[in-house]
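Residues 0 to 705 in numbering that gives the first Met the number 0 are what the sequence shown spells out, letter by letter.
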Amino acid sequence: MKIAPNLRQELDFLQDSLASLETGVDARARQELLPLRQRLDGWAAKVAVIGQVKAGKSTFVNALLHWHDFLPSDINPWTSVVTDVRINIPGDPATGARFDFFTETDWQEIIGTGTRIRALTEELLPGFDSELLRRQSEEMCERAQRRLGRHYHALLGGQHDYEHLSPDLLRRYVCAGPGNDDGLEREALGRYAALTKNASIYMQLPEFAVPTIITDTPGVNDPFLVRDEITCRSLDRSDVFVMVLSAHQPLTDVDIALIRILARQDAKDVMIFVNRIDELDEFAQAVPRVLADVAQRLRDAIPEIDFRIVAGSAWFAGLAIAEDDSNGSAREAADNEELAQYLHASYGQVPQSRSQRLMLASGLNDLKSTLSELIDQGVGSRQLGQFRGDIRAELDAVLFIGAQEQEALAQQLGALCRDTAQPPAEDPETAIAAIRALRDSVVARIDAADAEIERAVATSWAGLESRLNRAVDAFVDGQKSVFQDRLFGSGGVDGGDGMLVIDTTPLQDFLETEVRESFAAARPGTDAILEQCIDACRTIITSRFQDPTANINLSGLPYDSFTSSLTSTRRSLRVGLIADRSWAFWRKPSVSLGKTVAALRTIAAEELRAPVEKILAAYSEAQLARATAGMSRIRVMLRMFDTVVNEQAQRLNQEKAERQRQTASPKDLATRQRDLRAALDALEQRMLTLSSLDAALKRSEMRMAA
Ligand SMILES: Nc1nc2c(ncn2[C@@H]2O[C@H](COP(=O)(O)OP(=O)(O)OP(=O)(O)O)[C@@H](O)[C@H]2O)c(=O)[nH]1
Ligand SMILES: [Mg+2]
Numbered sequence: 000m001k002i003a004p005n006l007r008q009e010l011d012f013l014q015d016s017l018a019s020l021e022t023g024v025d026a027r028a029r030q031e032l033l034p035l036r037q038r039l040d041g042w043a044a045k046v047a048v049i050g051q052v053k054a055g056k057s058t059f060v061n062a063l064l065h066w067h068d069f070l071p072s073d074i075n076p077w078t079s080v081v082t083d084v085r086i087n088i089p090g091d092p093a094t095g096a097r098f099d100f101f102t103e104t105d106w107q108e109i110i111g112t113g114t115r116i117r118a119l120t121e122e123l124l125p126g127f128d129s130e131l132l133r134r135q136s137e138e139m140c141e142r143a144q145r146r147l148g149r150h151y152h153a154l155l156g157g158q159h160d161y162e163h164l165s166p167d168l169l170r171r172y173v174c175a176g177p178g179n180d181d182g183l184e185r186e187a188l189g190r191y192a193a194l195t196k197n198a199s200i201y202m203q204l205p206e207f208a209v210p211t212i213i214t215d216t217p218g219v220n221d222p223f224l225v226r227d228e229i230t231c232r233s234l235d236r237s238d239v240f241v242m243v244l245s246a247h248q249p250l251t252d253v254d255i256a257l258i259r260i261l262a263r264q265d266a267k268d269v270m271i272f273v274n275r276i277d278e279l280d281e282f283a284q285a286v287p288r289v290l291a292d293v294a295q296r297l298r299d300a301i302p303e304i305d306f307r308i309v310a311g312s313a314w315f316a317g318l319a320i321a322e323d324d325s326n327g328s329a330r331e332a333a334d335n336e337e338l339a340q341y342l343h344a345s346y347g348q349v350p351q352s353r354s355q356r357l358m359l360a361s362g363l364n365d366l367k368s369t370l371s372e373l374i375d376q377g378v379g380s381r382q383l384g385q386f387r388g389d390i391r392a393e394l395d396a397v398l399f400i401g402a403q404e405q406e407a408l409a410q411q412l413g414a415l416c417r418d419t420a421q422p423p424a425e426d427p428e429t430a431i432a433a434i435r436a437l438r439d440s441v442v443a444r445i446d447a448a449d450a451e452i453e454r455a456v457a458t459s460w461a462g463l464e465s466r467l468n469r470a471v472d473a474f475v476d477g478q479k480s481v482f483q484d485r486l487f488g489s490g491g492v493d494g495g496d497g498m499l500v501i502d503t504t505p506l507q508d509f510l511e512t513e514v515r516e517s518f519a520a521a522r523p524g525t526d527a528i529l530e531q532c533i534d535a536c537r538t539i540i541t542s543r544f545q546d547p548t549a550n551i552n553l554s555g556l557p558y559d560s561f562t563s564s565l566t567s568t569r570r571s572l573r574v575g576l577i578a579d580r581s582w583a584f585w586r587k588p589s590v591s592l593g594k595t596v597a598a599l600r601t602i603a604a605e606e607l608r609a610p611v612e613k614i615l616a617a618y619s620e621a622q623l624a625r626a627t628a629g630m631s632r633i634r635v636m637l638r639m640f641d642t643v644v645n646e647q648a649q650r651l652n653q654e655k656a657e658r659q660r661q662t663a664s665p666k667d668l669a670t671r672q673r674d675l676r677a678a679l680d681a682l683e684q685r686m687l688t689l690s691s692l693d694a695a696l697k698r699s700e701m702r703m704a705a
């Protein structure tokens, strides 16, 4: 099965279109097309596999890659590094891997020495046992140092590259390994894991029709905060999410919160894979029930989205792939009467061979076709739509310049053919000055729009910032009685395990809604500035030329809407950490209620401020990304003028020289006429090709819209 075959066609078409555009222009204009070329060549469908610890994410990715036991998997929390599997990416090695290590700065940030929070904690809670906190945050660093010895410092900030791939290699870098390293001195397992920031795996797989990056992530509820943070940040990089659930525990509140945020983000798609069905009792009957339950819960929580849900077992897929003897007994045990019943009930068929039966029951094929549709029709086609818009804007400019050149050449030829060197209808110098003036007013208009957008973005950012900060303050204030009650009330601390659990769901919901609505409210404003700018430039240009800007519009711009995944699971853990600190303190008899509550409030507010700042940064980045994409289409108009002015000036000089020569030699005159005719013919040919490219792009737009 091919994944995203339609998009392959579209991508080929865009590549070809850009290539013919590149051949249809001169070297300088080709240089201008370079950024577009680089973006198009670097495009990939980005799929992240997410879910709770032990849902079977890595096993599932292995099944997708058709490589049993490739990414390390285990019954303990195991994947500790965000791992990008880069499939068929142009420019990547055919096979191999790169592992990037933390830098000294990353490390300082992680250890957190000297951070505001640390200082605050110690100041506000005198006598607070910060050893506990220090131990937790330094554990990772110490572990890396212990395992790596004197190599440790040399590795920081560096990377390791390999030209081959093997499960053993990955076990060294991305695998958490057991809780302690005793006895592992000489072993490779997890040797570099604590120091590895990111892993990239290079592969060529014909099944993937377009360049694709599949990201395997540590579980979202990973108890280790550093990993959780990195996972959260990596989510913003992906466009399609496969949420892997375990059939035993089909959907937790954390899962729903995460799905809601991701699914509401513009241009992001989420699908669900209910894994481990083989572990359900009588799964032939149980699976439809579990699926119905997951669907119902998602409908209740997020009614506006119809999620695609597939059930299966990554374990079955692994058995189907690994046909070697070592798995013989496991394959035989899995291929039982219940499996046949399930296949019959769910698929209406029981294939002939064992591998086929296991593969069908694994749900992998269903999943691939769903994934293929999501990329083909969802995010992939939206992103390629933006490329189409960009290519058309460039093409418009090239056609415009071509038309000007045609006119100028024809004029020149006309002048040559006249008996005497008469001045042309419009004095060329005046013409150039007029175009320059036109260009200047377009520049002024674009600069004005730039400034307006900057102001609009800053205003909306500031408004959102104060609303978010107020929300955080109000939330923390609201917790005062909760702190008081839990720390000093009769009930004591929740759960008996020393954890003070504070529910941040209302705050999260609020932040999420606020960010989404602010973006929705601000977007029409910036879009209007862009539209007005296009209109104004159009008016200026059409005062002299036929409208060359008909195809310049804002279609396909990124970020129709925006929600940040940074508002997801993170803060409940942070608050958990606060609880850890307060727990040690709480037992001190001399504690003063007022001071403790005030201190906890300040710390909570500080802790919550960091994610708010990140949300704000992501928010304005999204706004600017949209505005920049729109402005770059408008700037294409500007380049048209530059080219036309340059060419006209060049021709003016030529003409002057020409007029002087003309009288001298009739032979030269004939040669010159012939040259001009040839140039005009060549240009006409080029314009014809470009016009047909224009028509093809229009057709493709209609095809994709349908
Ligand atoms: N029975 C059964 N076991 C599975 C299935 N999928 C994964 N497992 C097993 O469950 C364990 C965890 O699988 P992983 O793939 O490591 O899970 P993960 O989600 O990547 O876990 P972390 O990386 O630690 O978050 C391994 O022992 C797998 O062999 C499944 O469909 N059925
Ligand atoms: Mg894993």
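Note that CB positions come from ideal geometry on N, CA and C, so glycine has one too.
Query                                                                                                                                                                   : Result
What's the C-alpha gap between E206 and L373?                                                                                                                           : 16 Å
At which residues does the beta strand (DSSP E) containing D1 begin and terminate?                                                                                      : One point to set straight first is that residue 1 is Lys, not Asp, in the sequence displayed. Where K1 is concerned, there is no enclosing beta strand (DSSP E), given that its DSSP letter is neither H nor E.
Here's a check: name, in chain order, each residue in its chain whose Cβ is nearer than 6 Å to the Cβ of D579, leaving out the five neighbours to either side.          : The pLDDT assigned to D579 is 38, lower than 50, so where the model puts this residue is not dependable, and the model offers no usable value.
At the level of alpha carbons, what is the spacing between L6 and Q684?                                                                                                 : 31 Å
Please determine if the segment 280–298 and the segment 340–349 are in contact, where contact requires at least 3 C-beta pairs separated by less than 8 Å.              : yes
Spell out the partners DSSP gives F98 in its beta bridges.                                                                                                              : H159, A198
Just checking V173 against ligand 1 - is the residue's beta carbon closer than 7 Å to any of the ligand's heavy atoms?                                                  : no
Got a list of residues with beta-carbon closer than 7 Å to any non-hydrogen atom of ligand 2, in chain order?                                                           : K56, S57, L70, S72, W77, T78, D215, P217
How do the segment 640–657 and the segment 459–477 stand: do at least 3 beta-carbon pairs fall below 8 Å, yes or no?                                                    : no
Can you list, in chain order, the residues of its chain with a C-beta nearer than 8 Å to that of K666? Leave out the 5 residues immediately preceding and following it. : none
Taking 7 Å as the cut-off, does the CB of A333 come closer than this to any heavy atom belonging to ligand 1?                                                           : no
Out of L383, F399, V48, N335, state which residue places its alpha-carbon closest to the alpha-carbon of R720.                                                          : With the chain covering only 0 through 705, there is no way to say anything about residue 720.
Please confirm if the segment 268–276 is in contact with the segment 311–324, defined as three or more CB-CB distances below 8 Å between the two stretches.             : yes
Return the Cβ separation of C716 and W77 in integer angstroms, given the expectation that the two are a contact with Cβ distance under 8 Å.                             : As displayed, the chain neither begins before 0 nor continues past 705, which places residue 716 out of reach and without an answer.
Under 8 Å Cβ to Cβ from A695, same chain only, skipping five residues before and after it: list those, please.                                                          : F12, S16
Indicate whether V635 and I551 have their beta-carbon atoms separated by less than 8 Å.                                                                                 : yes
So, is D534 buried or exposed, given that buried needs 16 or more other C-beta atoms within 10 angstroms?                                                               : exposed
With hydrogens ignored, establish whether the beta-carbon of V52 is closer than 7 Å to any heavy atom of ligand 1.                                                      : yes
Can you determine whether any heavy atom of ligand 4 sits closer than 7 Å to the C-beta of Q376, and answer yes or no?                                                  : In the structure shown, ligand 4 is absent; the only ligands present are ligand 1 and ligand 2.
With L70 and D167 assumed to form a contact (beta carbons below 8 Å), what rounded beta-carbon distance in angstroms separates them?                                    : Actually they are not in contact, since the Cβ atoms of L70 and D167 sit about 12 Å apart, beyond 8 Å.
Flag D365 as yes when its Cβ comes closer than 7 Å to any non-hydrogen atom of ligand 1, and as no otherwise.                                                           : no
Report buried or exposed for L463, applying the criterion of at least 16 other Cβ atoms within 10 angstroms of its Cβ.                                                  : buried
May I have a chain-ordered list of the beta strand (DSSP E) segments no shorter than 3 residues that lie completely inside the segment 0–77?                            : 44–49
Taking 8 Å as the threshold (C-beta atoms), are I539 and L437 in contact?                                                                                               : yes
Beta strand (DSSP E) containing S361: first to last residue?                                                                                                            : Not the beta strand (DSSP E): S361 falls in the alpha helix (DSSP H), residues 353–361.
Within the same chain, show all residues whose beta-carbon is closer than 8 Å to that of M0, passing over the 5 residues directly before and after it, in chain order.  : E206, N364, K367, S368, S371
Can you tell me whether I74 sits near ligand 1, meaning its C-beta is under 7 Å from at least one heavy atom of the ligand?                                             : yes
For the beta strand (DSSP E) that contains L244, what are its first and last residues?                                                                                  : 239–245
Report the three-state DSSP secondary structure of Q622 (helix, strand or coil).                                                                                        : helix
What would DSSP say about Q203, mapped onto helix, strand or coil?                                                                                                      : coil
For T104, does the three-state DSSP call read helix, strand or coil?                                                                                                    : helix
Quick one: does the C-beta of S312 sit closer than 7 Å to a heavy atom of ligand 1?                                                                                     : yes
Decide if E162 is buried, meaning its Cβ has at least 16 other Cβ atoms within 10 Å, or exposed.                                                                        : exposed
Out of A648, L415, G157, which has the shortest C-alpha to C-alpha gap to T670?                                                                                         : L415
Exposed or buried, M358, counting other C-beta atoms within 10 Å across all chains shown (16 or more means buried)?                                                     : buried
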